[in-house]
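Worksheet for the structure shown next.
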Amino acid sequence: MALAALAWAITSEQMSGMDAGPGTDPGTLGFFLGVWVVMMAAMMFPSIAPMVVMHVRIQEGQRERGRAGTIGATAFFVGGYLAAWAGAGLVAYGIYELGRAVTGNVFSWDNGGPYLAGAILVAAAVYQLTPLKDVCLRRCRSPVMFLISHWRPGRVGSLRMGIAHGGWCIGCCWALMAALFALGVMSLGWMALIAALIAAEKLLPRRALASGGVAALLLVLGFGVAFAPASVPGLTVPGSPQAMHSMQEMEGSMNGGAMDGGSEMNSMPRP
Numbered sequence: 020m021a022l023a024a025l026a027w028a029i030t031s032e033q034m035s036g037m038d039a040g041p042g043t044d045p046g047t048l049g050f051f052l053g054v055w056v057v058m059m060a061a062m063m064f065p066s067i068a069p070m071v072v073m074h075v076r077i078q079e080g081q082r083e084r085g086r087a088g089t090i091g092a093t094a095f096f097v098g099g100y101l102a103a104w105a106g107a108g109l110v111a112y113g114i115y116e117l118g119r120a121v122t123g124n125v126f127s128w129d130n131g132g133p134y135l136a137g138a139i140l141v142a143a144a145v146y147q148l149t150p151l152k153d154v155c156l157r158r159c160r161s162p163v164m165f166l167i168s169h170w171r172p173g174r175v176g177s178l179r180m181g182i183a184h185g186g187w188c189i190g191c192c193w194a195l196m197a198a199l200f201a202l203g204v205m206s207l208g209w210m211a212l213i214a215a216l217i218a219a220e221k222l223l224p225r226r227a228l229a230s231g232g233v234a235a236l237l238l239v240l241g242f243g244v245a246f247a248p249a250s251v252p253g254l255t256v257p258g259s260p261q262a263m264h265s266m267q268e269m270e271g272s273m274n275g276g277a278m279d280g281g282s283e284m285n286s287m288p289r290p
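Numbering (this note's numbering), first residue to last: 20 to 290.
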């Protein structure tokens with residue numbers, strides 16, 4: 020939980036003022052991957068806390084029975100979990116870049132952008148109600164079930180378990196992460212909302228009710244973004260002064276504060 024709090028603080032510092040709305044350019048691969056891994060720690064660590072606690076207790080139980088525990092095994096478990104999400108981030112980045120290269124301006128905000136963002140949110144809502152989502156969510160919600168069926172001794176075994184658990188969580192949450200891209204991947208507000216929805220699904224006692232509620236919210240957001248984006252609270256509309264300023268902030272962060280063509284960028288009006 021302390022690491023999650025630290026990750027939120029770092030993310031807030033990195034992403035403050037950088038939300039350019041749906042379709043926000045993720046920047047260079049190195050910049051995006053660094054931000055993404057910290058984001059995943061901030062968003063997912065609270066949700067996997069029960070799994071981490073159970074992993075620690077199993078290690079303690081082995082020591083009590085006279086078996087040698089592996090020092091640092093839980094750290095390797097968490098590291099494997101983050102490695103799985105780093106891989107998912109690379110895939111997401113590749114899909115974004117490929118889609119932009121293939122479609123050009125077809126899905127710019129002035130063309131089909133609102134409908135694409137809305138469709139992604141609606142698709143995420145539909146996925147909430149699929150059998151695959153239910154299977155993945157049950158694995159994520161049950162530490163005992165997962166650890167008994169996937170237990171491997173040692174640091175390497177813990178790393179493999181972390182990667183496996185990350186894979187189940189990706190299967191559970193990839194649509195919600197796609198929704199985050201549709202709403203603005205650099206938005207702290209939307210990031211916090213998606214993190215809260217993930218935590219609700221994994222931690223609240225009534226799984227079906229939580230998933231259904233998340234689906235309903237995503238559906239409302241999808242239609243709102245597609246047909247009335249200006250009325251969606253907290254949504255940065257691309258092309259607005261706020262979005263233009265955010266793009267300048269992102270370029271400055273990627274270039275270490277030394278923006279190319281700085282005099283021209285600095286002459287642009289601030290909101």
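Positions of the beta carbon are idealized from the N, C-alpha and C atoms, including for glycine.
Distances from the alpha-carbon of V239 to those of K152, L202, E79, R226 put L202 closest.
By the neighbour-count definition (other C-beta atoms within 10 Å, threshold 16), E220 is a buried residue. In the DSSP assignment, G243 falls within the unbroken alpha helix (DSSP H) covering 226-246. By the neighbour-count criterion, in which 16 or more other beta carbons inside 10 Å mark a residue as buried, V110 falls on the exposed side. Within the same chain, S230, V233, A234 come within 6 Å of Q147 by CB-CB distance, once the 5 residues on both sides are set aside.
Excluding sequence positions up to five before and after G108, its CB lies within less than 8 Å of the CB of F51, L52, W55, V56, M59, all in the same chain and listed in chain order. For Q147, there is no enclosing alpha helix (DSSP H), since its DSSP letter is neither H nor E.
Counting C-beta pairs closer than 8 Å gives fewer than three between the stretch 88-106 and the stretch 160-168, which falls short of the contact rule. Nearest to M70 by C-alpha distance, out of L25, A94, S35, Q81, is A94.
The alpha-carbon separation between G208 and A142 amounts to approximately 21 Å. Just so you know, the alpha carbons of V175 and Q78 end up roughly 14 Å apart.
Within the model, the alpha-carbon separation for P133 versus G80 is close to 53 Å. For the 8 Å CB-CB criterion, W193 and C159 do not form a contact. Distance between M73 and V125, taken at the CA atoms: about 48 Å. A residue is called buried when at least 16 other Cβ atoms come within 10 angstroms of its Cβ; D129 does not meet this threshold and is exposed.
Close CB contacts of A183 within its chain, under the 6 Å cut and outside five residues either way in sequence, are with H169 (chain order). If you compare the alpha carbons of S206, A227, V251, V244 with that of A39, the shortest gap goes to S206. In the structure shown, F95 adopts helical secondary structure according to DSSP, grouped into three states.
Around the beta carbon of L178, 16 or more other beta carbons sit within 10 angstroms, so the residue counts as buried. The residues Y112, in chain order, have a CB closer than 7 Å to that of L48 in the same chain once the five nearest residues on each side in sequence are set aside. When rounded, the separation of the alpha-carbon atoms in I213 and I90 is 34 Å.
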